[in-house]
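Novice:
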Amino acid sequence: MERSDGTTAPGESPERKQSPARPRGSPMLIVLMIIVVLPSVLLADSWGAGAVGIIGGLTGLFSLVAFMGGPLRADLRVVAVLGPLLVVAAAVPRLLAETSRPAAVALVVVLGFVAALFPLLGERYATVGLGLGMTTVFGYGYAPQGGADHRQVVLAAVAGVVVAVLLRVVMGLPDPSKTTREQVAAVLDAADPTAATATAFRTWLGDGRKRWLAGVLDGASRYRLARHTARLTGDASPDDLAALERRAEDLAARVRARPRRAAGPAPSPAPDPASSTAVGPAGDAARALDAVEQALTRHDTSAVRLGRGPRHQFLDAVQHPSGRLRSVQVRHAFRTALALLVMLLVTSGLERGDPLVSTVLLTTFSIVQASWRDTVTKARNKILGLVSGSIGVAVVLLVVPQRYLTLVAVVALCLGLWFIAARPALGAAFMVVVSVGFNSVTRDLDPVALLAQYVGLTVCAVVVGVVLGFVVVPSFRPPPLRQRVETATAATAAALRAGAVGVGPAPRAEDVALVREAVYEQDELVPDREHLDDRQAEELDDLRAALRDVIVLANATQIDDDERAAVLRTLSPDGATPSDDGPTRGAPSAGDGPDAGEAPGAGASTLLDLARRAASAERYLLTTLPAPS
Numbered sequence: 001m002e003r004s005d006g007t008t009a010p011g012e013s014p015e016r017k018q019s020p021a022r023p024r025g026s027p028m029l030i031v032l033m034i035i036v037v038l039p040s041v042l043l044a045d046s047w048g049a050g051a052v053g054i055i056g057g058l059t060g061l062f063s064l065v066a067f068m069g070g071p072l073r074a075d076l077r078v079v080a081v082l083g084p085l086l087v088v089a090a091a092v093p094r095l096l097a098e099t100s101r102p103a104a105v106a107l108v109v110v111l112g113f114v115a116a117l118f119p120l121l122g123e124r125y126a127t128v129g130l131g132l133g134m135t136t137v138f139g140y141g142y143a144p145q146g147g148a149d150h151r152q153v154v155l156a157a158v159a160g161v162v163v164a165v166l167l168r169v170v171m172g173l174p175d176p177s178k179t180t181r182e183q184v185a186a187v188l189d190a191a192d193p194t195a196a197t198a199t200a201f202r203t204w205l206g207d208g209r210k211r212w213l214a215g216v217l218d219g220a221s222r223y224r225l226a227r228h229t230a231r232l233t234g235d236a237s238p239d240d241l242a243a244l245e246r247r248a249e250d251l252a253a254r255v256r257a258r259p260r261r262a263a264g265p266a267p268s269p270a271p272d273p274a275s276s277t278a279v280g281p282a283g284d285a286a287r288a289l290d291a292v293e294q295a296l297t298r299h300d301t302s303a304v305r306l307g308r309g310p311r312h313q314f315l316d317a318v319q320h321p322s323g324r325l326r327s328v329q330v331r332h333a334f335r336t337a338l339a340l341l342v343m344l345l346v347t348s349g350l351e352r353g354d355p356l357v358s359t360v361l362l363t364t365f366s367i368v369q370a371s372w373r374d375t376v377t378k379a380r381n382k383i384l385g386l387v388s389g390s391i392g393v394a395v396v397l398l399v400v401p402q403r404y405l406t407l408v409a410v411v412a413l414c415l416g417l418w419f420i421a422a423r424p425a426l427g428a429a430f431m432v433v434v435s436v437g438f439n440s441v442t443r444d445l446d447p448v449a450l451l452a453q454y455v456g457l458t459v460c461a462v463v464v465g466v467v468l469g470f471v472v473v474p475s476f477r478p479p480p481l482r483q484r485v486e487t488a489t490a491a492t493a494a495a496l497r498a499g500a501v502g503v504g505p506a507p508r509a510e511d512v513a514l515v516r517e518a519v520y521e522q523d524e525l526v527p528d529r530e531h532l533d534d535r536q537a538e539e540l541d542d543l544r545a546a547l548r549d550v551i552v553l554a555n556a557t558q559i560d561d562d563e564r565a566a567v568l569r570t571l572s573p574d575g576a577t578p579s580d581d582g583p584t585r586g587a588p589s590a591g592d593g594p595d596a597g598e599a600p601g602a603g604a605s606t607l608l609d610l611a612r613r614a615a616s617a618e619r620y621l622l623t624t625l626p627a628p629s
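Here's what the structure looks like:
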């Protein structure tokens with residue numbers, strides 16, 4: 001099975017690799033501009049917002065980004081909390097700047113810091129932070145011609161949020177739980193089952209906790225675990241494994257399908273009696289699929305009650321490790337705030353109403369990422385787009401009469417929106433043409449001077465985004481990656497050694513603290529300022545996933561002291577030599593399901609395989625990473 005990047009997932013049946021297709025553009029952003037921005041601007045204008053209607057349009061777009069990502073029920077809870085905050089972010093910094101610019105700058109920095117912290121709440125909230133941050137910097141930086149009073153700015157912001165909420169409801173009403181079903185179904189057939197299981201479990205928790213989906217999630221997790229064990233041990237033939245995969249794909253399609261109102265479930269292929277009664281991992285996998293089908297057939301929509309005791313605390317520790325000062329996400333929040341502060345100070349010398357203030361602030365916010373590698377990638381795309389876009393603007397200015405610049409800018413806007421997601425550098429190049437073309441015509445500015453200013457401010461934003469926090473601010477640097485690798489493995493072993501995880505008595509508060517510490521250290525296994533080659537980056541991802549799986553699987557599997565000792569020996573620096581074979585990246589576990597821990601599992605061997613995979617990745621990294629000076 002191949003991942004989206006064209007590489008074969010570890011542990012899956014190897015298939016012939018094909019060269020990844022060159023990414024193509026998508027009209028999705030153009031469609032969003034039509035269905036979100038235009039109605040928001042029209043509504044704001046009908047309410048008397050006037051020239052600041054575009055604030056409503058972009059606020060609506062950014063709000064919809066923040067409001068989407070989960071099932072309708074969960075997204076509406078996000079709306080209830082985030083909607084008023086988005087109105088504040090779009091309007092208050094701008095209004096405050098008219099009386100106290102330093103206070104407005106401080107508010108923008110604080111809101112940027114908060115936006116960068118949202119991913120601590122879970123993967124779903126990454127888009128929430130993105131929407132809040134972009135709303136804040138655009139609302140502060142955009143200056144309409146002719147000015148606007150307080151009432152117009154607030155009405156424009158409210159109009160944008162209202163349109164975004166209405167669109168989210170309209171898009172979700174036909175099938176409110178579609179996202180939940182898709183994510184639960186992905187546990188059956190996704191290339192990365194652990195990521196799929198964790199995402200599905202969190203989404204299921206926020207969407208009414210339907211019992212039939214709980215049964216599907218639990219059965220799917222047990223199926224992936226048993227199928228992988230069968231592949232490792234060789235207890236099942238390739239034909240048997242292929243039959244299991246086909247049946248899992250059929251069941252996944254049924255889970256994804258919209259529930260029908262007609263009585264009676266849709267028929268499905270009957271399970272193979274021989275496989276359902278077989279012993280060993282292959283039989284376990286078949287019986288797990290039987291459980292999935294049984295949950296589908298019964299379709300019990302009642303809610304599962306979850307206790308809020310120690311077991312819930314364990315799951316919370318795995319899903320939400322400590323957000324301490326030097327964690328990856330908190331460091332990212334400080335970098336984002338500092339980068340915004342620097343660029344706000346840089347742009348404070350520009351004339352009031354300069355059209356490039358919002359552009360450069362959006363650039364700064366988008367460049368700063370949680371890791372050095374991602375930040376450099378964003379910066380590289382921006383620089384490539386800036387260079388090629390500047391050349392394009394120069395050519396346009398030489399050969400196109402100025403009266404046609406608006407038409408050129410419109411075409412460039414459509415092309416930029418088409419390519420910005422799939423090919424960021426190309427999309428950024430078109431956006432240079434858009435910014436210079438529109439602003440030079442609508443504000444009667446010299447396009448050459450405007451281009452020079454655009455280039456200078458963008459280069460400044462790139463330098464600030466890349467350098468600040470990674471080079472200049474040493475207090476925000478984590479320990480060297482080599483040390484973080486050793487610490488994460490040791491923390492995971494400490495949680496296992498203390499018996500903090502494993503089916504049995506309810507975990508104590510100190511046990512939960514050990515698990516939280518281990519998961520926190522695992523989350524630190526991302527490159528910061530380190531330059532890793534492709535193999536090192538893959539091994540680092542492998543190590544992080546394997547250590548997390550050890551924690552989760554040990555919580556769901558009945559293991560005795562000897563098995564625990566074997567896992568600890570494997571994780572120790574002088575432990576057993578790891579096997580070259582490893583489990584599927586992120587083998588799932590029943591521990592992710594709502595009924596985890598109720599029945600002893602047979603995953604002790606898989607737990608040992610996970611430890612071997614972690615040990616293999618750790619040793620490769622310790623061998624290839626530079627020793628501390």
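Just so we're aligned, residue 1 is where the sequence shown starts under full-length UniProt numbering, counting upward by one.
Here a beta-carbon is modelled for each residue, glycine too, at the ideal position from N, C-alpha and C.
Only a predicted model underlies this, so the values are computations on that prediction, with no experimental measurement involved.
#1: Between the Cα of residue 642 and those of VAL393, LEU82, LEU496, LEU155, spot the shortest distance and give me the residue it belongs to.
#2: Is the distance from the Cβ of LEU405 to the Cβ of VAL448 below 9 Å?
#3: Taking residue 630 as part of the alpha helix (DSSP H), name the residues at either end of that continuous run.
#4: DSSP three-state label for ALA303, please.
#5: At what residues does the alpha helix (DSSP H) containing HIS150 begin and finish?
#6: Decide if VAL400 is buried, meaning its Cβ has at least 16 other Cβ atoms within 10 Å, or exposed.
#7: According to DSSP, which residues form a beta bridge with LYS382?
#8: Just reading off the alpha helix (DSSP H) that TRP418 is part of, what are its end residues?
#9: Are three or more beta carbon pairs between the stretch 146-157 and the stretch 48-64 nearer than 8 Å?
#10: Can you list, in chain order, the residues of its chain with a C-beta nearer than 8 Å to that of THR336? Leave out the 5 residues immediately preceding and following it.
#11: Below 7 Å CB to CB, which residues in the same chain sit around ALA89 once its five sequence neighbours on both sides are set aside?
#12: Tell whether a beta-carbon distance below 9 Å holds between LEU341 and VAL567.
#13: Any idea if GLU524 is buried or exposed, counting beta-carbon neighbours within 10 angstroms, 16 or more meaning buried?
#14: Just list the residues that DSSP pairs LYS210 with in beta bridges.
#15: Which residue marks the beginning of the alpha helix (DSSP H) containing ASP239, and which one marks its end?
#16: Quick test of your reading: ALA164 and GLY60, contact by CB under 8 Å. State the CB separation rounded to the nearest angstrom.
#17: Measuring CB to CB, does GLN536 end up less than 9 Å from TYR620?
#18: Would you be able to state if there are at least three C-beta pairs under 8 Å between the stretch 170-180 and the stretch 235-244?
#19: Are THR359 and SER435 closer than 9 Å when you measure CB to CB?
#20: Report yes if the C-beta distance between VAL87 and LEU107 is below 9 Å; otherwise report no.
#21: Under 9 Å between the Cβ atoms of PRO480 and GLU530?
#22: Taking 9 Å as the threshold (C-beta atoms), are THR347 and LEU338 in contact?
#23: Do you know how far the Cα of GLU123 is from the Cα of VAL170?
#24: Could you please give the first and the last residue of the uninterrupted alpha helix (DSSP H) stretch that includes PRO454?
#25: From LEU426 to LEU29, what does the alpha carbon distance come to, in whole angstroms?
#26: Which class does THR99 belong to by DSSP, given the choice of helix, strand or coil?
#27: If we call anything under 9 Å between Cβ atoms a contact, is LEU251 one with LEU188?
#28: At 4 residues or longer, and completely inside the stretch 325-353: list those alpha helix (DSSP H) runs for me, N to C.
#29: Excluding sequence positions up to five away, which residues of its chain have a Cβ less than 6 Å from the Cβ of ILE420?
Specialist: To lay it out plainly:
#1: Residue 642 is absent from the structure shown; the chain starts at 1 and stops at 629.
#2: Position 405 of the sequence shown, counted from the first residue, corresponds to residue 405. Position 448 of the sequence shown, counted from the first residue, corresponds to residue 448. No, the Cβ-Cβ distance between LEU405 and VAL448 is not below 9 Å.
#3: What is shown of the chain runs 1 to 629, which leaves residue 630 out entirely.
#4: Taking the first residue of the sequence shown as 1, we reach residue 303 at position 303. Strand at ALA303.
#5: Numbered from its first residue, the sequence shown carries residue 150 at position 150. First-last of the alpha helix (DSSP H) with HIS150: 150-172.
#6: One-based indexing of the sequence shown puts residue 400 at position 400. So VAL400 ends up on the exposed side.
#7: Taking the first residue of the sequence shown as position 1, residue 382 is located at position 382. DSSP, once it has assigned bridges, lists no residue as partnering LYS382.
#8: Numbered from its first residue, the sequence shown carries residue 418 at position 418. TRP418 -> alpha helix (DSSP H) spans 405-419.
#9: yes
#10: For this step, residue 336 is matched to residue 336 along the sequence shown. For THR336, where only same-chain residues beyond five positions count, the Cβ hits under 8 Å are GLY112, PHE113, ALA115, ALA116, GLY133, PHE365, VAL368.
#11: As a working note, residue 89 is residue 89 in the sequence shown. Excluding sequence neighbours, ALA89 sits near LEU111, LEU132, THR135, THR136, GLY139.
#12: To locate residue 341, count along the sequence shown from 1; it is residue 341. To locate residue 567, count along the sequence shown from 1; it is residue 567. Going by C-beta atoms, LEU341 is not nearer than 9 Å to VAL567.
#13: Your numbering for residue 524 matches position 524 in the sequence shown. The residue is buried, with at least 16 neighbouring Cβ atoms inside 10 Å.
#14: In the sequence shown, residue 210 corresponds to position 210, counting from 1. DSSP, once it has assigned bridges, lists ALA303 as partnering LYS210.
#15: Position 239 of the sequence shown holds residue 239. From DSSP, the alpha helix (DSSP H) with ASP239 extends over 238-256.
#16: Position 164 of the sequence shown, counted from the start, is the residue given in the question as residue 164. Position 60 of the sequence shown, counted from the start, is the residue given in the question as residue 60. With a Cβ gap of about 5 Å, ALA164 and GLY60 count as contacting.
#17: Position 536 of the sequence shown holds residue 536. Position 620 of the sequence shown holds residue 620. Going by C-beta atoms, GLN536 is nearer than 9 Å to TYR620.
#18: no
#19: Residue numbering aside, residue 359 sits at position 359 when the sequence shown is read from its first letter. Residue numbering aside, residue 435 sits at position 435 when the sequence shown is read from its first letter. Yes, the Cβ-Cβ distance between THR359 and SER435 is below 9 Å.
#20: As a first step, residue 87 must be located in the sequence shown, where it is residue number 87. As a first step, residue 107 must be located in the sequence shown, where it is residue number 107. Against a cut-off of 9 Å, the Cβ pair of LEU107 and VAL87 comes out as no contact.
#21: Counted from its first residue, the sequence shown places residue 480 at position 480. Counted from its first residue, the sequence shown places residue 530 at position 530. Yes, these two residues count as a Cβ contact at 9 Å.
#22: Counting from one through the sequence shown, the residue named residue 338 turns up at place 338. Counting from one through the sequence shown, the residue named residue 347 turns up at place 347. No. Outside cutoff.
#23: Position 170 of the sequence shown, counting from 1, holds the residue named residue 170. Position 123 of the sequence shown, counting from 1, holds the residue named residue 123. Computed Cα separation, rounded: 24 Å.
#24: Locating residue 454 in the sequence shown gives position 454, counting from the first residue. According to the sequence displayed, residue 454 carries Tyr and not Pro. 447-467 is the span of the alpha helix (DSSP H), which, as asked, contains TYR454.
#25: For the purposes of this step, residue 426 is taken as the residue at position 426 of the sequence shown. For the purposes of this step, residue 29 is taken as the residue at position 29 of the sequence shown. Cα to Cα, the separation comes out at about 15 Å.
#26: Translated into the one-based positions of the sequence shown, residue 99 becomes position 99. Coil at THR99, not helix or strand.
#27: For the purposes of this step, residue 251 is identified with residue 251 of the sequence shown, where counting begins at 1. For the purposes of this step, residue 188 is identified with residue 188 of the sequence shown, where counting begins at 1. For LEU251 and LEU188, yes; Cβs fall inside 9 Å.
#28: 328-347
#29: Start at 1 with the first residue of the sequence shown, and residue 420 comes out as number 420. Result list for ILE420: GLY427, in chain order.
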